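J.:
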Amino acid sequence: MISVILPTYNEAENIKVIVPKIFSVLKESSLEGEIIVIDDNSPDGTAAVAMELVRGNPLTVYVRKNERGLATAVMKGFEIASGDVYV
Numbered sequence: 612m613i614s615v616i617l618p619t620y621n622e623a624e625n626i627k628v629i630v631p632k633i634f635s636v637l638k639e640s641s642l643e644g645e646i647i648v649i650d651d652n653s654p655d656g657t658a659a660v661a662m663e664l665v666r667g668n669p670l671t672v673y674v675r676k677n678e679r680g681l682a683t684a685v686m687k688g689f690e691i692a693s694g695d696v697y698v
């Protein structure tokens with residue numbers, strides 16, 4: 612299984628587009644996968660938008676309230692992910 616890790620901050624508009632595209636590519640490629648969204652408590656509601664996309668999809672949304680930064684977000688994604696391959 613492939614785990615796609617998406618660190619986010621103020622990406623509410625983009626997350627609506629990228630998550631369905633990733634699931635589409637996985638399906639078209641006959642690959643099993645999950646998406647892990649690690650959000651740094653975005654004020655634009657990125658986490659809430661991502662949560663709306665969870666329905667029926669292997670999508671985990673984790674909101675970090677006290678941490679910031681790309682590298683630590685990716686590391687948190689590694690901790691949460693359950694795939695054999697991380698992207």
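If you're matching positions, the sequence shown starts at 612 in the working numbering and goes up one per residue. Heads up, the beta-carbon is just placed ideally off N, CA and C, and yes, glycines get one too. Model, not experiment: these values are computed from the prediction.
1) Can you look up S614 in the DSSP assignment and give me helix, strand or coil?
2) Quick check: the Cα distance between S641 and A623, rounded to an integer number of angstroms?
3) Going by beta-carbon coordinates alone, are L664 and V636 separated by less than 8 Å?
4) Taking only the alpha-carbon atoms, compute the straight-line gap between G694 and P669 and give it to the nearest angstrom.
5) Does DSSP put G656 in a helix, in a strand, or in coil?
6) Can you list, in chain order, the residues of its chain whose CB lies under 7 Å from that of A658, leaving out five sequence neighbours each side?
T.: If we stick to the structure as given:
1) strand
2) 28 Å
3) no
4) 11 Å
5) coil
6) D650, V672 and V674
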